[in-house]
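Asker: Provided herewith is a single structure, encoded as structure tokens, for subsequent inquiry.
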Amino acid sequence: MRHSFWPVMTVLGLLLAIWYAAAIWLNADWTYDKATRSGEVVTTTSLIADTWAQKKPKLPAPHQVAVEIWETTVLKKVSSKRSLVYHSWVTLSATLLGFGMGTLLGTLLAVGIVFNRTMDMSVMPWVIASQTIPILAIAPMIIVVLNAVGISGLLPKAMISMYLSFFPVVVGMVKGLRSPDQIQLDQMKTWYASASQTFWKLRLPASMPYFFTSLKIAMAASLVGAIVGELPTGAVAGLGARLLAGSYYGQTIQIWSALIMAAALAAALVGIIGLIQRITLKRMGMAP
16 MRHSFWPVMT
26 VLGLLLAIWY
36 AAAIWLNADW
46 TYDKATRSGE
56 VVTTTSLIAD
66 TWAQKKPKLP
76 APHQVAVEIW
86 ETTVLKKVSS
96 KRSLVYHSWV
106 TLSATLLGFG
116 MGTLLGTLLA
126 VGIVFNRTMD
136 MSVMPWVIAS
146 QTIPILAIAP
156 MIIVVLNAVG
166 ISGLLPKAMI
176 SMYLSFFPVV
186 VGMVKGLRSP
196 DQIQLDQMKT
206 WYASASQTFW
216 KLRLPASMPY
226 FFTSLKIAMA
236 ASLVGAIVGE
246 LPTGAVAGLG
256 ARLLAGSYYG
266 QTIQIWSALI
276 MAAALAAALV
286 GIIGLIQRIT
296 LKRMGMAP
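According to this note's numbering, the sequence shown holds residues 16 to 303 in order.
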């Protein structure tokens with residue numbers, strides 16, 4: 016951990032420096048236009064100060080985003096619709112439900128593909144083809160179809176999350192379940208192990224590293240799906256709704272605070288899976 020601290024902080028500092036410089040560059044036009052109308056002279060100091068303090072900048076400065084996050088998380092009640100915690104919880108609910116359904120669907124498909132050649136030849140190509148359809152194109156279709164049958168609210172967003180999250184689980188589990196060497200499989204046969212015993216004693220344990228890796232990707236994809244699912248529904252709650260409202264009213268600071276919150280939420284969720292992975296693999300006697 017100590018060895019990675021300074022490299023991480025160096026990269027973070029470099030990114031912040033680039034961000035601040037980009038804010039000056041992108042917001043300078045408005046500053047110069049305002050100075051021209053008022054007859055003021057723009058100095059370097061005033062340029063920097065103004066470009067980092069505009070109410071509706073093209074690119075907000077990092078400290079503006081940090082202040083917005085602080086005000087909408089700490090200074091607002093959790094139940095307030097102006098609270099990022101409230102909006103994050105709405106998005107998180109759809110994310111976790113979609114992630115759970117995607118993980119279950121992906122695992123079942125992977126088991127079927129590995130143990131049934133017909134499924135391998137017929138289902139796997141369609142699984143791959145499904146991911147070539149842009150999610151922005153299919154999300155409104157899912158919403159419309161489900162609304163037509165009276166399903167609304169959390170489930171349509173979760174379905175979109177499931178659509179994005181099941182694919183990495185399928186690919187990872189197929190790779191993991193097929194990872195045992197032929198020598199290991201032959202050894203199980205010499206012990207007269209049945210197919211189910213081989214699955215539980217050899218294939219499934221061998222697939223765990225692949226499984227957890229695919230879960231991390233699936234969780235991030237599920238969060239993206241939940242946010243995208245909030246856009247065509249006209250949702251009034253959720254990080255996607257927060258992004259949409261910010262774009263309508265030109266509130267770039269609000270947009271960036273929602274983006275940073277989504278990134279932090281994704282990092283936390285993936286980190287939790289990583290922690291579970293280390294604990295599980297350690298108990299199984301496998302290196303994480």
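Ideal Cβ positions, reconstructed from N, Cα and C, are used throughout, including at glycine.
(1) Report the rounded CA-to-CA distance for I150 versus K216, giving the unit in angstroms.
(2) For a quick check, are the C-beta atoms of P171 and I158 less than 8 Å apart?
(3) Could you check how far apart the C-beta atoms of V80 and I268 are, in whole angstroms? I think they sit under 8 Å.
(4) If you pair each beta-carbon of the region 250-261 with each one of the region 100-107, do three or more pairs fall below 8 Å?
(5) Assuming V285 and K231 form a contact by the criterion Cβ under 8 Å, report the distance between their Cβ atoms to the nearest whole angstrom.
(6) Out of S229, L27 and Y225, point me to the one whose CA is closest to F182's CA.
(7) Could you say if the region 196-206 and the region 261-280 meet the contact criterion of at least three C-beta pairs nearer than 8 Å?
(8) Of the residues T118, V243 and A37, which one's Cα is nearest the Cα of F227?
(9) Measuring CB atoms only, is the region 124-139 touching the region 282-297, in the sense that at least three cross pairs come out at less than 8 Å?
(10) Just the C-alpha distance for M174 and T25, rounded to the nearest angstrom, thanks.
(11) In its own chain, which residues sit with a C-beta less than 8 Å from the C-beta of R97, not counting the 5 before and 5 after it?
(12) Would you mind reading off the limits of the alpha helix (DSSP H) that contains Y264?
(13) Let's test the definition: count the other Cβ atoms within 10 Å of the Cβ of G311 and tell me whether it reaches 16, buried, or not, exposed.
(14) Rounded to whole angstroms, what's the CA-CA distance from A221 to L246? Just pull it up for me.
(15) Between which two residues does the alpha helix (DSSP H) containing K172 stretch?
Answerer: Checking against the coordinates, here is how it stands:
(1) 38 Å
(2) yes
(3) 6 Å
(4) yes
(5) 5 Å
(6) S229
(7) no
(8) T118
(9) no
(10) 40 Å
(11) T87 and K91
(12) Taken as a continuous stretch (DSSP letters only), Y264 belongs to no alpha helix (DSSP H), as it is neither H nor E.
(13) Residue 311 is absent from the structure shown; the chain starts at 16 and stops at 303.
(14) 40 Å
(15) L169 to L192
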